[in-house]
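Chemist: Chains as they are written, first to last, in the numbering used here: chain A, -10 to 384; chain B, 333 to 797.
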Amino acid sequence: MSAAQTSNGEVVVSVRGLTKVFKDFWNRPKARAVDGVDFEVRKGEVFGLLGPNGSGKSTTVKLLLGLLNPTKGHIEVFGHSPRHVQTKSRIGYLPEESYLYRYLNSRETLDFFGNLFHLNKADRDNRAEQLLEMVGLGKTQTRAVGEFSKGMQRRIGLAQALINDPDLVILDEPTAGLDPIGCREVKDLIIALARRGKTVILSSHLLSDVEDVCDRVVIYYGGRIQAAGTLKDLLATPDTLRITTPVLPRETLERVLEIIRKDVLTGEVRVDNPTQNLESYFLDVVNKARAANETSGAQSGARVAEYLRGGVEARPAADKVLEKLSLPQAAPPAVETKPVAQTSTPKVDAKKLEVLTQASPPTPQPAKQSPAPETRPVDLSKADEKLSSLLGGKK
Amino acid sequence: MQRIFAIAWLTWKAALRFKLFLVIAVLLILAVVGLPLVIEDDGTAQGFTQIILTYTLSAITALLGLSTLWLSCGTLARDIEECQIQVVATKPIARWQIWLGKWLGIVSLNAVLLALSGGCVYGLLQWRATKLPAAEQTILRQQILVARGSARPPDNTAEIEAETDRILQGRLKQNPEMAGLTDAERKEVRKMIREGVKADSQLVPPNYQRTWQIDLGFAKNYLHGKPLQLRVKFNSAQKNAAGTFVALWEIGDPNSPDARRLAPMSLAPDTFHEFEIPPDLFDANGLLTITFVNPNDTALLFPLDDGMEVLYPEGGFALNFARGLAIIFCWMALLAALGLAAASLLSFPVAAFFALAMMLVVFSSGTLAESVDSGTVAGGNAETGVAGHSMADVVLIPAFKGVLAVVSLAKNFSPIDALSSGRSIPWSELGLAFTQIVLLLGGFFAAAGIIFFSRRELATAQGTQ
Chain A
-10 MSAAQTSNGE VVVSVRGLTK VFKDFWNRPK ARAVDGVDFE VRKGEVFGLL
40 GPNGSGKSTT VKLLLGLLNP TKGHIEVFGH SPRHVQTKSR IGYLPEESYL
90 YRYLNSRETL DFFGNLFHLN KADRDNRAEQ LLEMVGLGKT QTRAVGEFSK
140 GMQRRIGLAQ ALINDPDLVI LDEPTAGLDP IGCREVKDLI IALARRGKTV
190 ILSSHLLSDV EDVCDRVVIY YGGRIQAAGT LKDLLATPDT LRITTPVLPR
240 ETLERVLEII RKDVLTGEVR VDNPTQNLES YFLDVVNKAR AANETSGAQS
290 GARVAEYLRG GVEARPAADK VLEKLSLPQA APPAVETKPV AQTSTPKVDA
340 KKLEVLTQAS PPTPQPAKQS PAPETRPVDL SKADEKLSSL LGGKK
Chain B
333 MQRIFAIAWL TWKAALRFKL FLVIAVLLIL AVVGLPLVIE DDGTAQGFTQ
383 IILTYTLSAI TALLGLSTLW LSCGTLARDI EECQIQVVAT KPIARWQIWL
433 GKWLGIVSLN AVLLALSGGC VYGLLQWRAT KLPAAEQTIL RQQILVARGS
483 ARPPDNTAEI EAETDRILQG RLKQNPEMAG LTDAERKEVR KMIREGVKAD
533 SQLVPPNYQR TWQIDLGFAK NYLHGKPLQL RVKFNSAQKN AAGTFVALWE
583 IGDPNSPDAR RLAPMSLAPD TFHEFEIPPD LFDANGLLTI TFVNPNDTAL
633 LFPLDDGMEV LYPEGGFALN FARGLAIIFC WMALLAALGL AAASLLSFPV
683 AAFFALAMML VVFSSGTLAE SVDSGTVAGG NAETGVAGHS MADVVLIPAF
733 KGVLAVVSLA KNFSPIDALS SGRSIPWSEL GLAFTQIVLL LGGFFAAAGI
783 IFFSRRELAT AQGTQ
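(1) State buried or exposed for residue 388/B, treating a residue as buried only when at least 16 other CB atoms are found within 10 Å of its CB.
(2) For the 8 Å Cβ check, are there 3 or more pairs between the stretch 240 to 259 of chain A and the stretch 62 to 82 of chain A?
(3) Measure the alpha-carbon distance for residue 746/B versus residue 449/B and round it to whole angstroms.
(4) Nearest to residue 27/A by CA position, among 107/A, 17/A, 8/A, 51/A, is which residue?
(5) Give the DSSP-derived three-state secondary structure of residue 82/A in the structure shown.
(6) Whether or not the stretch 473 to 485 of chain B and the stretch 633 to 644 of chain B are in contact is what I'm after, with contact meaning three or more pairs of Cβ atoms, one per stretch, closer than 8 Å; do they touch?
(7) Name the chain A residues that come within less than 7 Å of residue 432/B, Cβ to Cβ?
(8) Which chain A residues sit within Cβ distance under 8 Å of residue 345/B?
(9) Fully enclosed by the stretch 525 to 561 of chain B, which alpha helix (DSSP H) runs are 4 residues long or longer?
(10) Helix, strand or coil: how does DSSP classify residue 131/A here?
(11) Can you tell me the Cβ-Cβ gap for residue 618/B and residue 548/B, rounded? I've got them flagged as a contact below 8 Å.
(12) Quick one, which residues of the stretch 65 to 80 of chain A are near chain B if we go by CB-CB under 7 Å, in chain order?
(13) Among 577/B, 669/B, 660/B, 751/B, whose alpha-carbon lies nearest the alpha-carbon of residue 401/B?
(14) Comparing C-alpha positions only, which one of 742/B, 756/B, 776/B, 399/B sits nearest to residue 764/B?
(15) Quick check: residue 86/A and residue 204/A, are their CB atoms within less than 8 Å of each other?
(16) Going along the chain, which unbroken runs of the beta strand (DSSP E) with 3 or more residues stay wholly within the stretch 105 to 166 of chain A?
(17) With a threshold of 8 Å between beta carbons, is residue 105/A in contact with chain B?
(18) Note down, in chain order, each residue of its chain lying with its Cβ closer than 7 Å to the Cβ of residue 777/B, except the 5 sequence neighbours on either side.
(19) Using the C-alpha atoms, what's the distance from residue 49/A back to residue 77/A?
(20) What are the boundary residues of the beta strand (DSSP E) that residue 673/B is part of?
(21) For the stretch 28 to 57 of chain A, which residues have a CB atom closer than 7 Å to at least one CB atom of chain B, in sequence order?
(22) Please name the residue in 151/A, 159/A, 189/A, 136/A whose C-alpha comes closest to that of residue 385/A.
(23) Measure the alpha-carbon distance for residue 367/B versus residue 412/B and round it to whole angstroms.
(24) For residue 65/A, write down the residues that DSSP places opposite it in a beta bridge.
(25) Pick helix, strand or coil for residue 645/B, following the three-state DSSP scheme.
(26) Against chain B, with Cβ distances strictly below 8 Å, would residue 227/A count as a contact?
(27) Is DSSP giving residue 385/A helix, strand or coil here?
(28) Just to make sure I have the definition right: I need the residues of chain A whose C-beta is within less than 7 Å of the C-beta of residue 565/B. Which are they?
(29) Return the residue from the list 53/A, 12/A, 224/A, 211/A that minimises the CA-CA distance to residue 3/A.
(30) Once you ignore the five residues that flank residue 202/A on each side, which residues in its own chain have a CB closer than 6 Å to its CB?
(31) Between the C-alpha atoms of residue 385/B and residue 687/B, what's the straight-line distance to the nearest angstrom?
(32) Go ahead and pull the three-state DSSP assignment for residue 351/B.
(33) Between which two residues does the beta strand (DSSP E) containing residue 21/A stretch?
(34) Could you pull out every unbroken alpha helix (DSSP H) segment of at least 4 residues lying fully inside the stretch 401 to 459 of chain B, listed in chain order?
(35) Mind listing the chain A neighbours of residue 338/B? Cutoff is C-beta to C-beta under 8 Å, in chain order.
(36) Under 8 Å, Cβ to Cβ, is there at least one residue of chain A near residue 768/B?
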């Protein structure tokens, strides 16, 4: 991707002074859904439209797609009006609900949309096959979409949005109704698309969705943009520092804390066990269970459709959809800046840390024999207890 | 075209998956097969035709017409209301292609259903005909299961108008006090004079004779040696006890030795009569002279529009039947365009209501025509016989004229009547029907529908599925 690479890239979407006022039957203004919005989305960006329900995100998306006409302002998508028909061949769209034909099965659905993109039969068949495998619906190809659960409908909706290998993918609440596996897969797919130079516009009110994948966001409230910028700029807290290590011996930790307390007030230092986030934990459990069990519902996506991977992922190891393990290394700046991505504890050499602590200001050897602790034994036992609990019961 | 066909295919899928196709097909077949079972014919060729051909084809037209309107309103309006159109419209397909694809889907669906039900009617007609008495079978084969060309007396409307004006001018000169008449009064006087002139041109007083000259046109070249049919209808000024009147006919130029007198007939008024006339009685120019002598003691009146007609063999029934179905198909194509145009702008129930209301206007065109004829929407004064006039007439009468002119473009074709009376539906008529009904009227609704649909915001609806 990413933000750094795209700062001077081609402008894919340009929005200037966009305003949408919904009117009633008598043409009286009823609601100002979008009010004077400006932004640009550049090629290869994952751009987030973030905001609470009713803040104007979906209206903006529909204006970008030409499904609504702006009351004021100007929109260009790939340099054309949103209503320009040929431009639409470069766009993939997943609406906030899976507005698909209930009487078609998933195969027919993809075939139908493939026809609208003027794909020949061989291409339609090939892509439908890969997409259905990718979204985990390979075994339910002949079931009518109307019989699908909401999550399965989202999956087939996502597949139709990618049938044309779009340059711009617009996803409106893409993870709504999906289980955690599906959510993770969608997010990883977005990252995989961005890595191929595709532009993604993601509208969501789920902060974790946006935080996990977006390079740049605008935050809506009341139809206006309240904040805009890269996630790094918006989320960074440069006045704090976090060090993560494996569990250290008590003595080492005490020495580290002692050094730190020389520069920082005790109340500003926190020592705790980092917890894995629920999504990662859940995925671990399911992955283990999957090996033994089968489900009649949606399968976990197998692999990103080959035509969507293009030449970027030639390694067989990267075939696995969402390339969970390789992702942090493969997506350099964006992932580095995301605290949530740090779900596992990076290995830090304890000895090095110990050396580091010893290399710091002269070891106050006499301090060990200082009478001060002896004068306050109660405080020490409490500290012991606290440390013991922090270190998982080790004494 | 791939995109348009994809949309058309979608309409087919919907009709099949929602079992709409199956239900309509079963209803049509029930109408075709069931109607003749429920309503017994009287064993005559005419009665048989009335049941097997007229009723069934009318039922098919009505059923298909309603389902076409319903489907065309629903297929687009529901896509918009249930938001599927939001996904379709974001693909590289123009709005007009979506509209046209929907229309094509409905029209092709109709074509299949019409062919299916038409085939059943044709098969049933041929099969049931073998069960008629031999004499009736002969009549059926000669008069109905054929395609007969038609020739009528020349239109004398211009002469009637000229005569009306001549009489009116004469009376104005004779009665200077009439110069002060208002426009409305003058129109009323002229109308009454015109009615008198028109009646004179149709009337055959007692013990008088009337002669018609009918041009057979190009058909004269292939009618030598072939018997023709005369189809006549008259009204009587008074009823008589027998309920019938004697009719004396002479066919051919009265000055020619070849002219033939037919045997005296006893014919009932107010109904059509068909009888054979000998071949080769027309002259070298194709003019057939028909003379009617009224020996009765009451005047008889042959209506200008359908009082006198000569029918001659022109082709086979099968192809004629197919052309008749093709005209019905043109109506369905128009209804599909009407329904889609309404759905392009309105929600499903409102669109369906609008389309049905338009149908109602078409069916009530007779009432509109009466108002136009009388020149007012207000009722006439029963005592004076003079029609009242109001300000509404200034607006409504021209509006009614406009509506009638438009409606007549589609309504002036009557394939079921033609088939029921064994009259030919020429290719030219089918071409005219296609031009007027599909291209002109259908094109108007298509243009309006596509403009509405293209300008419409498709994402204002919340999903209802």
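A virtual CB, placed ideally from N, CA and C, is assigned to each residue, including glycine.
Modeler: Looking at the coordinates:
(1) buried
(2) No contact exists between the stretch 240 to 259 of chain A and the stretch 62 to 82 of chain A.
(3) 19 Å
(4) Selected option, being the one with the closest Cα: 8/A.
(5) strand
(6) yes
(7) Per Cβ cutoff of 7 Å: no residues; residue 432/B is ~14 Å from chain A at best.
(8) 90, 92, 93, 97
(9) As far as the stretch 525 to 561 of chain B is concerned, it has no whole alpha helix (DSSP H) run of at least 4 residues.
(10) coil
(11) 4 Å
(12) 74, 75, 77, 78, 80
(13) 669/B
(14) 742/B
(15) Judged by beta-carbon spacing, residue 204/A lies beyond the 8 Å limit of residue 86/A, meaning their Cβ atoms are not closer than that value.
(16) 157 to 161
(17) yes
(18) 669, 670, 673
(19) Rounded to whole angstroms, the separation of the alpha carbons of residue 49/A and residue 77/A is 17 Å.
(20) Per DSSP, residue 673/B lies in no beta strand (DSSP E) segment; the continuous alpha helix (DSSP H) that holds it begins and ends at 649 to 677.
(21) Listed in sequence order: 51, 54, 56, 57.
(22) Here chain A covers residues -10 to 384 and nothing more, so residue 385/A does not appear.
(23) 39 Å
(24) 3/A
(25) In the structure shown, residue 645/B sits in a strand (DSSP, three-state: E or B).
(26) no
(27) Absent from the model: residue 385/A. The displayed extent of chain A is -10 to 384, so no value can be given.
(28) Result: empty, since nearest Cβ-Cβ is about 53 Å, beyond 7 Å.
(29) 53/A
(30) 35, 176, 179, 180
(31) 28 Å
(32) coil
(33) 18 to 31
(34) With a minimum length of 4 residues, the unbroken runs of alpha helix (DSSP H) contained wholly in the stretch 401 to 459 of chain B fall at 416 to 420.
(35) Chain A residues near residue 338/B: 101, 104, 105.
(36) no
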